[in-house]
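First comes the structure, then the notes that go with it.
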Amino acid sequence: MIAGVSTEFNPPGPEDFNLPPIFSGVEWFTKPVLVAALSVVVIVWFFWGASRKAAVVPSKLQFAGELGYNFVRNSIARDAIGSQEHMKYVPYLCGLFFFILLNNVAASVPLIQFPTFSHVGWAYVAAAMSWVVYNAVGIKKHGVLGYFKHQTMPAGVPGWLMPLMIPIEFISNILVRPISLSLRLFANMFAGHILLLVFVLGGEYMLLHSGSIALGGVGILTLLMGLAIAGLELFVQCIQAYIFVVLTAQYIGSAIADDH
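Sequential numbering of the sequence shown, starting at 123, is according to the working numbering.
In structure tokens, the structure reads:
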């Protein structure tokens, strides 16, 4: 014991992600909800401010807004959906990208330091929204029967293979996509954050509470490795937002394509 505090190391686990409510009696208002709400405010403020006084010679804020918008429009929507129809889906993809990005990067922001999508429910909702969007636009273009034929009967496949291909394609294109979208995002945010907790808390314990000079040296090294893990996690946070939205755009492009 040090000053009445136990020095036994308690490794981080899933229970550390079950955060208490911010206000007593308001059980639903936790840190992930607050971070998600703040991210919406920041996104609205950013793009409203960037476009409010648009000029031929852009201000720094307008330039940043155009850079972000053009990245989603050109590098995601146009490349994945095609130059003919991509513009109608850019608002959704742009909002989705920056919402996921800000909620992921929140894990690296001091005083917040929590990725919203490390709670799987948030990832499920984001994937469900994309699932509804790409199926809805596909049904709108092809009709219900035409869309399911489009998604489950690949062109050029011999008829005798269709009894095998139809259930496989249905499971892959209709059922598995939202599950893989959500679990990929959740797993990366959860694993990255818990790994960072292991390095930081483990390093702090060895440095301050182990009572060993050798372990103290290992603790310093562990904390330095934690900084490297933090940089890696920031990269993963950004790339996972990109992957989620790229796959959503690809699913939209596949749903509205004339050929499967």
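Heads up, the beta-carbon is just placed ideally off N, CA and C, and yes, glycines get one too. Source: prediction; values computed, not measured.
Cβ separation of Tyr256 and Ala379, assumed to be a contact under 8 Å, to the nearest whole Å: Counted from its first residue, the sequence shown places residue 256 at position 134. Counted from its first residue, the sequence shown places residue 379 at position 257. No, Tyr256 and Ala379 are not in contact; Cβ-Cβ is about 11 Å, not under 8 Å.
Reduced DSSP category for Ile365 - H, G, I as helix; E, B as strand; rest coil: For the purposes of this step, residue 365 is taken as residue 243 along the sequence shown, with counting starting at 1. Reduced to three states, the DSSP call for Ile365 is helix.
Helix, strand or coil at Asn192 according to DSSP, with G and I counted as helix: Walking along the sequence shown from the start, residue 192 turns up at place 70. Here Asn192 sits in helix by DSSP.
CB of Leu323 within 8 Å of CB of Pro134, strictly: For the purposes of this step, residue 323 is taken as residue 201 along the sequence shown, with counting starting at 1. For the purposes of this step, residue 134 is taken as residue 12 along the sequence shown, with counting starting at 1. In this structure, Pro134 lies closer than 8 Å to Leu323 by Cβ.
Contact between the region 196 to 211 and the region 364 to 374 (3+ Cβ pairs under 8 Å): yes
Cβ-based burial, Glu130 [other Cβ within 10 Å; buried from 16]: Here residue 130 corresponds to residue number 8 of the sequence shown, with the count starting at 1. Counting Cβ neighbours within 10 Å, Glu130 comes out exposed, since fewer than 16 surround it.
Where Ala277 sits in the DSSP three-state scheme: Here residue 277 is taken as the residue at index 155 of the sequence shown, counted from 1. Coil at Ala277, not helix or strand.
Spatially closest choice to Phe349 from Tyr191, Glu326, Leu267 and Arg299, by CA coordinates: The residue given as residue 349 occupies position 227 in the sequence shown. Per the sequence shown, residue 349 should be read as Leu rather than Phe. That would be Glu326, whose Cα lies nearest to the Cα of Leu349.
Straight-line Cα distance separating Leu183 from Arg174: Translated into positions along the sequence shown, residue 174 becomes position 52. Translated into positions along the sequence shown, residue 183 becomes position 61. Those two C-alpha atoms are separated by around 10 Å.
Alpha carbon of Asn225 to alpha carbon of Ala186, nearest angstrom: For this step, residue 225 is matched to residue 103 along the sequence shown. For this step, residue 186 is matched to residue 64 along the sequence shown. Near 19 Å, if we compare the C-alpha coordinates of Ala186 and Asn225.
Segment limits, alpha helix (DSSP H) that includes Gly324: As a position in the sequence shown, residue 324 is number 202, starting the count at 1. Arg299 to Leu330 is the span of the alpha helix (DSSP H), which, as asked, contains Gly324.
Opening and closing residue of the alpha helix (DSSP H) in which Leu224 lies: For the purposes of this step, residue 224 is taken as the residue at position 102 of the sequence shown. Where Leu224 is concerned, the enclosing alpha helix (DSSP H) stretches over Val212 to Val227.
First and last residue of the uninterrupted alpha helix (DSSP H) at Leu160: Mapped onto the sequence shown, residue 160 falls at position 38. Counting along the chain, the alpha helix (DSSP H) containing Leu160 begins and ends at Lys153 to Arg174.
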